[in-house]
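Student: Read left to right, the sequence shown gives residues -23 to -1, 1 to 468 (mature numbering (1 follows the signal peptide of the UniProt record, and there is no 0)).
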Amino acid sequence: MSVSVRIVLIVIIGCGITVQKESEKGDSSIKPSIAIVGAGISGLSTARRLIELGIHDFDIYEGLDRIGGRIHAIPYKDGFLQMGAQFINGAENPLYKIANRLGLIADVVSDTAHVDNAHFAFGSQNVKEEDIRTFLDFTSKLDPKYRSIAKHDERTARRYTFKEIFTLDYMHFLKSQNFTDQQKNVFDSLARSFRSYWEFEWAADWSTVGLFLLLSVHVLKEWNDYGPECESFATNRIGFKGILDDIAAPIPREAFNFNSRVENIKLNSITGKIHLTVNDQVLPTEYDYVIVTSSLGVLKKYHHKMFTPPLPRQKIEAIEKIGFGGSCKVFFEWEHPFWSNNTYSIAPLPVRGMISEKLDAFEEETTILQVVDWAPNVLSAWYAGRGHQLVDNMSEEELKQRITQLMRDMYNDDTIPLPSKIIRTQLTKNELLFQTTIGGYLSGRREADRAVTDWLGNGRNSSQTHGIGDDNSLIEDQREVPYISQPITLI
């Protein structure tokens, strides 16, 4: 892949865009004025890095009333329910170093722990534990197999989505023994838990194949865990709330402008200054740089009116065509747990032909409910792929009724009460967030470095430069760093 194409990919995946005026011919005595759009982790890390570099003339504009973006910690009892990020990949991840220093690491967990340690609940259905073990033995070999394909068979890895390659293996598995139709229906239900592992991991429908093969097996080669494969660090009851507060600590409170939605970023071609329209008002402040950390979802919907002059055609095309998914958590609180004390997670197993002739979408998408370790009366249900939009469109009362009926069926217990509370964030209905993945700690720091480097350089003839970040992951692939050390002249 050529350098220019790689840069476009990073720009679009990262959604980190810097708009700059021409530098003042390298005059280090003149400090640039900078606006940062977004107070998510990328925006916060940008501001922190600017402070480290001696730049204090910046403002942060955030449409929400808080920092964090999709990283949203909701107070609950003596801790915080993590609506967004909960785990950290790899000890080399800079966020791990922050969390470890603050004592926020609770445990090392396998990426498949929620399935491996699940209680498969099937109520009065005629499901045999032996069949469950047979299926889990089959799927236990697939993760290493697919990782091997990603590393050693690029043609296959790029050609197949996870759903397609699993379907081939699954068909072979069904033909390997003389299974009954009833057993096959049980395996179909178990396959939903395996599917959910990949959808949760990548926050996307596992059948998705977009402009850049978003969920092809090839992503396993591109991803870097910065530690042992399939291993993550679980955070404690404070979790990412502590990480966000630590990153934001050096930033002056007066730098934040909350409930301030940036609607347009306009470059004055005569003065070289940049003006922002915020909440329908053009601000009097003029900026030399604007660093945008909006999500891809926001850019998809608003790029056509967010930038004046517009973004270049090739970047607009990429924004509009590249695919992305989403995932969410719904927390269900009961006054008293109906599950046993040693339950790690619950995998409901409604089987077609047993509980009903046809399963509905809610039954198919509710695959894992994990017990919150420090709040054992709360179950965290994970939804990804089509499940994300499904539950976001359900009312709270409907969710209560549906989850209760499913649990009553799967535990064969009609006395299970409705949950006392549902805690959720309907991301697909929030225009400031939408449903892109979180990230951007390193990309924010790189944006700050680039802005200062440009300002102290020898000046440029560009009137507009778009900086690059990779907001798709906390430290998505540092192999791209050499390609983002220089700005891209767009106009």
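No residue lacks a Cβ here, since even glycine has one placed at the ideal position from N, Cα and C.
(1) Comparing alpha-carbon positions, which option in R47, R238, V348, D337 lies nearest Q258?
(2) In the DSSP output, what is R401 paired with across the bridge?
(3) Give the single residue among D390, P396, L383, M371 whose Cα lies nearest to the Cα of K406.
(4) The ligand GTP and A134: does the residue's C-beta get closer than 8 Å to at least one heavy atom of that ligand?
(5) Please report the straight-line C-alpha distance between G219 and C305, rounded to a whole angstrom.
(6) Out of curiosity, what's the CA-to-CA distance linking N236 and T320?
(7) Is the segment 18 to 35 in contact with the segment 282 to 293, if contact means three or more CB pairs nearer than 8 Å?
(8) Three-state secondary structure (DSSP) at Q347?
(9) Just mark Q441 as buried or exposed, buried being the case when its beta carbon has 16 or more other beta carbons within 10 Å.
(10) Within the same chain, show all residues whose beta-carbon is closer than 8 Å to that of F171, passing over the 5 residues directly before and after it, in chain order.
(11) Cα separation between Y174 and I247?
(12) Is the beta carbon of K8 closer than 9 Å to that of D36?
(13) Which one of G80, N103, I109 has the shortest CA to CA distance from N94?
(14) Name the one or two DSSP bridge partners that Y360 has.
(15) Assuming A12 and V267 make a contact with CB atoms under 8 Å, what is their CB distance in whole Å?
(16) Taking all protein chains shown into account, do 16 or more other C-beta atoms lie within 10 angstroms of the C-beta of R290, making it buried, or fewer, making it exposed?
(17) Taking the straight line between their C-alpha atoms, what separation do you get for R230 and L41?
(18) Where do the ends of the beta strand (DSSP E) carrying L244 lie?
(19) Pull the bridge partners of P325 from the DSSP assignment, please.
Tutor: With the given structure in hand:
(1) Within the sequence shown, numbered from 1, the residue matching residue 258 stands at position 281. Measuring from the Cα of Q258, the nearest candidate turns out to be R238.
(2) Counted from its first residue, the sequence shown places residue 401 at position 424. V307.
(3) Against the sequence shown, residue 406 aligns to sequence position 429. That would be M371, whose Cα lies nearest to the Cα of K406.
(4) Here there are no bound small molecules, and the ligand GTP is not part of this structure.
(5) For the purposes of this step, residue 219 is taken as residue 242 along the sequence shown, with counting starting at 1. For the purposes of this step, residue 305 is taken as residue 328 along the sequence shown, with counting starting at 1. G219 and C305: Cα-Cα distance of roughly 21 Å.
(6) Translated into the one-based positions of the sequence shown, residue 236 becomes position 259. Translated into the one-based positions of the sequence shown, residue 320 becomes position 343. Near 41 Å, if we compare the C-alpha coordinates of T320 and N236.
(7) no
(8) Counting from 1 along the sequence shown, the entry for residue 347 is found at position 370. Looking at Q347 - three-state DSSP - the assignment turns out to be strand.
(9) Position 464 of the sequence shown holds residue 441. Residue confidence for Q441 is low, a pLDDT of 31 falling below 50, so the modelled location carries little weight; the figure read from the coordinates is stated next. Its Cβ being crowded by 16 or more others within 10 Å, Q441 is buried.
(10) As a first step, residue 171 is located in the sequence shown; it is residue number 194 there, counting from the start. Result list for F171: V92, T116, L119, F143, in chain order.
(11) Here residue 174 refers to the residue found at position 197 when the sequence shown is read from its first residue. Here residue 247 refers to the residue found at position 270 when the sequence shown is read from its first residue. So the two alpha carbons sit approximately 53 Å from each other.
(12) The sequence position of residue 36 within the sequence shown is 59, counting from 1. The sequence position of residue 8 within the sequence shown is 31, counting from 1. No, the pair does not count as a contact, with Cβ atoms beyond the cut-off.
(13) Working through the sequence shown from its first residue, we reach residue 94 at position 117. When only C-alpha atoms are compared, the closest one is I109.
(14) Here residue 360 corresponds to residue number 383 of the sequence shown, with the count starting at 1. In the DSSP output, where bridge partners are listed per residue, Y360 has C305.
(15) Looking up residue 12 in the sequence shown gives position 35. Looking up residue 267 in the sequence shown gives position 290. Between V267 and A12 the Cβ distance is about 5 Å, and since that is below 8 Å, they are a contact.
(16) Along the sequence shown, one-based indexing puts residue 290 at 313. Exposed, because fewer than 16 other Cβ atoms sit within 10 Å of the Cβ of R290.
(17) Numbered from its first residue, the sequence shown carries residue 230 at position 253. Numbered from its first residue, the sequence shown carries residue 41 at position 64. Their backbone Cα atoms lie some 15 Å apart in a straight line.
(18) Within the sequence shown, the letter at position 267 stands for residue 244. Element bounds for L244: 239 to 244.
(19) Residue mapping note: residue 325 aligns to position 348 of the sequence shown, counting from 1. Checking the DSSP bridge columns, you'll see P325 partnered with A98.
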